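Remarks on the structure that follows.
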Amino acid sequence: MTTLIGTSWKMNLTSTEADAWFRSFVPLVAGIAGCELFVLPPFTAIWVARVHLAGTGIAWGAQDVHPDEEGAHTGDVSASMLADLGCSFVEVGHSERRREHRETPDLIAAKVAAAVHAGMRPILCVGERTPGPLDDVVAGLLDDLGQSLARLGPPDADRVVIAYEPVWAIGEGATAAPPDRVGQVHRALADRLADRWPGVRVPIIYGGSVDAGSASALAAEPGVDGLFVGRRALDPSEFARIAWAGVTARTGGAR
Ligand code: PGA
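Position one of the sequence shown corresponds to residue 0 (our numbering), numbered consecutively onward.
Structure below.
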């Protein structure tokens, strides 16, 4: 399975700043192989991603989507609007959206389905709020996944990406979860997903305070299919270092 390494900028970088970011980043990852890179800017800079990334092999996408196809939803953006901008990925269910916008698993399930039906890959974020015993954590995540994936059948399942993002490991002041613990969670989730959808291998990537120092050990951990980076990727050089470290840890890299 190819390694997925991506970033969501969250609510950072204007379109002008995005232009500078891409100018700096794209040459830094020229020649990287064995991974799929993606960038999720805010809605206002997706067009900038398209300008810079079309033809590079680096994918782009969005951080949210409305579940309906169109209609009277002021301020919202539909899956077909994103697909039309060339988005391949849509992040769904990030803990900040669950907290700030009271997103429920039911709503998240509808967003996942909308993304898939528009031909994109939903990146479904799940994670426990506080650290706890492994079995409890995994049970909670499986419960959430069961609800959030409820509208997808096996034919669509291979489009889904799961991002395991322990909430306690996200954001300023936090540090990444220990790689061995991340691996245990990923492998447990992968086993259960394989039971649910035999023959489908859903990639599970890790997010939460990934930086250039932690990327190698996290990416090398069995069960970790990639990395999802927040604040450290706002510096394009650091994101490039993370990408190289991640892919080198898994494949030996190539330049
Ligand atoms: P962080 O964000 O890397 O800034 O912790 C990660 C995320 O929320 O996906």
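Here a beta-carbon is modelled for each residue, glycine too, at the ideal position from N, C-alpha and C.
These numbers come from a predicted model, not from an experiment.
Kindly indicate the opening and closing residues of the beta strand (DSSP E) around residue i.
i, result
"S7", "T2 to S7"
"V38", "C34 to L39"
"G139", "Note, G139: premise wrong, no beta strand (DSSP E); alpha helix (DSSP H) at L133 to S147."
Let's see if you can read the secondary structure: which residues bound the alpha helix (DSSP H) around residue i?
i, result
"I169", "Note, I169: premise wrong, no alpha helix (DSSP H); not H, not E."
"F227", "No alpha helix (DSSP H) contains F227, which is instead part of the beta strand (DSSP E) from G225 to V228."
"W243", "P235 to T250"
"R180", "P178 to R195"
"I107", "P104 to H116"
"I203", "First-last for I203: I203 to G206, but that is the beta strand (DSSP E), not the alpha helix (DSSP H)."
"I31", "Neither: I31 is in no alpha helix (DSSP H) and is coded neither H nor E."
Tell whether a beta-carbon distance below 9 Å holds between residue i and residue j.
i, j, result
"I107", "Q62", "no"
"G56", "L39", "no"
"V263", "V64", "A query on residue 263 cannot be resolved here, the shown segment of the chain reaching from 0 to 254 and no further."
"P221", "R186", "yes"
"P235", "F21", "yes"
"I4", "L226", "yes"
"I204", "A162", "yes"
"T13", "G245", "no"
"G212", "G229", "no"
"A175", "D210", "yes"
"A58", "S79", "no"
"A156", "V199", "yes"
"L144", "L192", "yes"
"C34", "R231", "no"
"T97", "V159", "It is Arg, not Thr, that sits at residue 97 in the sequence shown. Cβ atoms of R97 and V159: not closer than 9 Å."
"I241", "A219", "no"
"I45", "W243", "no"
For residue i, which beta-bridge partners are listed by DSSP?
i, result
"G60", "F88"
"I122", "E90 and V160"
"H72", "Bridge partners of H72: none, in fact."
"H65", "S77"
Would you check if there are 3 or more beta carbon pairs closer than 8 Å linking the stretch 112 to 122 to the stretch 166 to 173? no
Inspect the CB distances between the stretch 124 to 141 and the stretch 170 to 190 and report whether three or more fall short of 8 Å. yes
Inter-stretch contact (C-beta, 8 Å, three-pair minimum) for the stretch 22 to 33 and the stretch 64 to 78: no
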